[in-house]
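S.K.: All residue numbers for the sequence shown refer to the numbering used here, where the first residue is 8 and numbers rise by one.
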Amino acid sequence: MSPAHRRHRPGAPDPADGLREHSATLRSHALRLHAAAEALDWRGPQADAFRAEVAALAERCATAAGGLAVAADQLEETRTP
Numbered sequence: 008m009s010p011a012h013r014r015h016r017p018g019a020p021d022p023a024d025g026l027r028e029h030s031a032t033l034r035s036h037a038l039r040l041h042a043a044a045e046a047l048d049w050r051g052p053q054a055d056a057f058r059a060e061v062a063a064l065a066e067r068c069a070t071a072a073g074g075l076a077v078a079a080d081q082l083e084e085t086r087t088p
């Protein structure tokens, strides 16, 4: 039996729920990163470069969150009869 088709142990956390929790955490981090970058009073080219780096990191977090949500849905679909 493939790992995707195994049932989780009784009493163990549901793997799909765990993925969703991680997804929500990453989305929260992405929002906080965007907000923090926008709230900076720092101005100039270095500040703009810093904001761009933070924005890129926030986008990576958001992308990873989306991937985890999709994986959770797929995992749940494989267990649905």
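Glycine included, every Cβ here is placed at the ideal spot set by N, Cα and C.
Please report the straight-line C-alpha distance between ALA59 and LEU33, rounded to a whole angstrom.
M.R.: One-based indexing of the sequence shown puts residue 59 at position 52. One-based indexing of the sequence shown puts residue 33 at position 26. Straight-line Cα distance between these residues: approximately 18 Å.
S.K.: Out of THR85, LEU75 and GLN81, state which residue places its alpha-carbon closest to the alpha-carbon of GLU28.
M.R.: As a working note, residue 28 is residue 21 in the sequence shown. Closest by alpha carbon: LEU75.
S.K.: Would you mind stating whether LEU26 and ALA78 have Cβ atoms separated by less than 7 Å?
M.R.: Here residue 26 refers to the residue found at position 19 when the sequence shown is read from its first residue. Here residue 78 refers to the residue found at position 71 when the sequence shown is read from its first residue. In contact: LEU26 and ALA78 (Cβ atoms closer than 7 Å).
S.K.: What do you reckon, are the CB atoms on ALA23 and LEU82 nearer than 7 Å?
M.R.: By 1-based counting over the sequence shown, the position of residue 23 is 16. By 1-based counting over the sequence shown, the position of residue 82 is 75. Contact flag set, yes.
S.K.: For ALA69, which of PRO20, SER35 and ASP21 has the nearest alpha-carbon?
M.R.: Locating residue 69 in the sequence shown gives position 62, counting from the first residue. Checked all of PRO20, SER35 and ASP21; the closest Cα to ALA69 is SER35.
S.K.: Whose CA, out of PHE57, ASP80, GLY73 and PRO52, lies closest to the CA of HIS41?
M.R.: By 1-based counting over the sequence shown, the position of residue 41 is 34. Comparing Cα-Cα distances from HIS41 to each of PHE57, ASP80, GLY73 and PRO52, the minimum goes to PHE57.
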